[in-house]
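*Asks:*
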Amino acid sequence: MNQLRGIRGATTSNGNSKSEIEEATLELLQSCINANNIKKEDIAAAIFTISQDITEYNPATVARKKLNWDFVPLLDVYQAPISSDLKFCIRVLLLINSDKSQEELSKKFQYLKDAKHLREN
């Protein structure tokens, strides 16, 4: 039976330009999708958080325009400012309908680039 589950991921952009943010967001989302064999119709929502230094583009727009997630509820919010936080950090919580257990999915969370140390399991 399918239940609502969460998949986490994070990455860093090489900078604050539209193209850099787009590239990092696409890499992160494709990694989450591929690692967990997610179909577009199984995505219930995506919540993105971005560090305070990302101001030129937002990940939700990337998902909507580049992955055609027009029907998926998407939200961008700023991360709470922490002095030691990663620069140009993009995090995502993908909410999906899945018959897999949350424990099984948690083994395939995706932490890329400088975000790898955020969760080292």
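Just so you know, we're using the numbering used here here: the sequence shown kicks off at 1355 and counts up by one. From the three backbone atoms N, C-alpha and C, an ideal C-beta is built for every residue, glycine too.
Is it true that the region 1392-1402 meets the region 1453-1467, where meeting means three or more beta-carbon pairs spaced less than 8 Å apart?
*Replies:* Output reads no: the region 1453-1467 does not touch the region 1392-1402.
*Asks:* Are the beta-carbon atoms belonging to residue 1358 and residue 1449 less than 7 Å from one another?
*Replies:* On the sequence shown, position 4 is the one that residue 1358 refers to. On the sequence shown, position 95 is the one that residue 1449 refers to. Closer than 7 Å, so yes.
*Asks:* Helix, strand or coil: which one does DSSP assign to residue 1430?
*Replies:* Here residue 1430 is taken as the residue at index 76 of the sequence shown, counted from 1. Strand at residue 1430.
*Asks:* From 1451, 1411, 1421 and 1399, pick the residue whose C-alpha is nearest to that of residue 1432; which is it?
*Replies:* As a first step, residue 1432 is located in the sequence shown; it is residue number 78 there, counting from the start. The candidate whose alpha carbon is nearest that of residue 1432 is 1411.
*Asks:* What three-state label does DSSP hand residue 1409 in the structure shown?
*Replies:* In the sequence shown, residue 1409 corresponds to position 55, counting from 1. The answer is coil: DSSP assigns residue 1409 none of H, G, I, E or B.
*Asks:* Which class does residue 1359 belong to by DSSP, given the choice of helix, strand or coil?
*Replies:* Numbered from its first residue, the sequence shown carries residue 1359 at position 5. Reduced to three states, the DSSP call for residue 1359 is strand.
*Asks:* What residues in its chain sit with their C-beta under 6 Å from that of residue 1429, if we drop five residues either side in the sequence?
*Replies:* Reading the sequence shown from its first residue, position 75 is the one you call residue 1429. Cβ within range, chain order: 1401.
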